[in-house]
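Counting from 17, one number per residue, gives the positions in the sequence shown under my numbering.
Ideal placement from N, C-alpha and C gives every residue a C-beta, glycine not left out.
Take a look at the structure set out below.
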Amino acid sequence: MKAADEPPSFDEVFVIVEDMPVFPDNSDKSLKRTFSDFRDYIKSETYYPLMARKRKIQTSVFVQFTIGPDGKIYDIVIPKPKYDLLDYEAARVIRNSPRWIPGRQKGKAVAVRMNTSVSFYQ
């Protein structure tokens, strides 16, 4: 039996599917527009921690995550952690993303692994 906060395990996680996940409020559902909308979301929701700004830390944090068949975000990973404050903030922004329209393979909603970066520059 799984604990209540344990993420679900997926039968298969795809990287490329017939219909890629779509970020919400994307009326044309084109892949290019989806990533543009998601980048806008990241920029608007990211807080650049004061301590990092004072220390003039400027970097991008690479983030991997899975969009589940239910459109929720799971399995957030920072493959190359650099600065705890920035890594935490990048993960927070991705974790709080609105629910996506899930990717589909052969007509079935499936889990899809995605990558992005969160930038911290002054």
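- Relative to residue 110, the option among 32, 57, 36 whose CA is nearest is 57.
- Note: residue 100 is not bridge-paired with any residue in the DSSP secondary-structure output.
- Leaving aside the five residues that flank residue 35 on each side, the residues in its chain whose CB is nearer than 7 Å to its CB run, in chain order, 119, 120.
- Along the segment 85-136, the alpha helix (DSSP H) occurs as fully enclosed runs of 4 or more residues at 100-111, listed in sequence order.
- For the pair of segments examined, the segment 55-69 was found not to touch the segment 81-95: the number of CB pairs separated by less than 8 Å stays below three.
- Here residue 89 is buried. Its C-beta has 16 or more other C-beta atoms within 10 Å.
- Beta-bridge annotation (DSSP): residue 76 is paired with 135.
- Just so you know, the alpha carbons of residue 126 and residue 33 end up roughly 9 Å apart.
- Bounds of any alpha helix (DSSP H) do not take in residue 36, whose DSSP letter is neither H nor E.
- DSSP lists 128 as the beta-bridge partner residues of residue 30.
- Under the three-state reduction of DSSP, residue 62 is assigned to coil, being neither helix nor strand.
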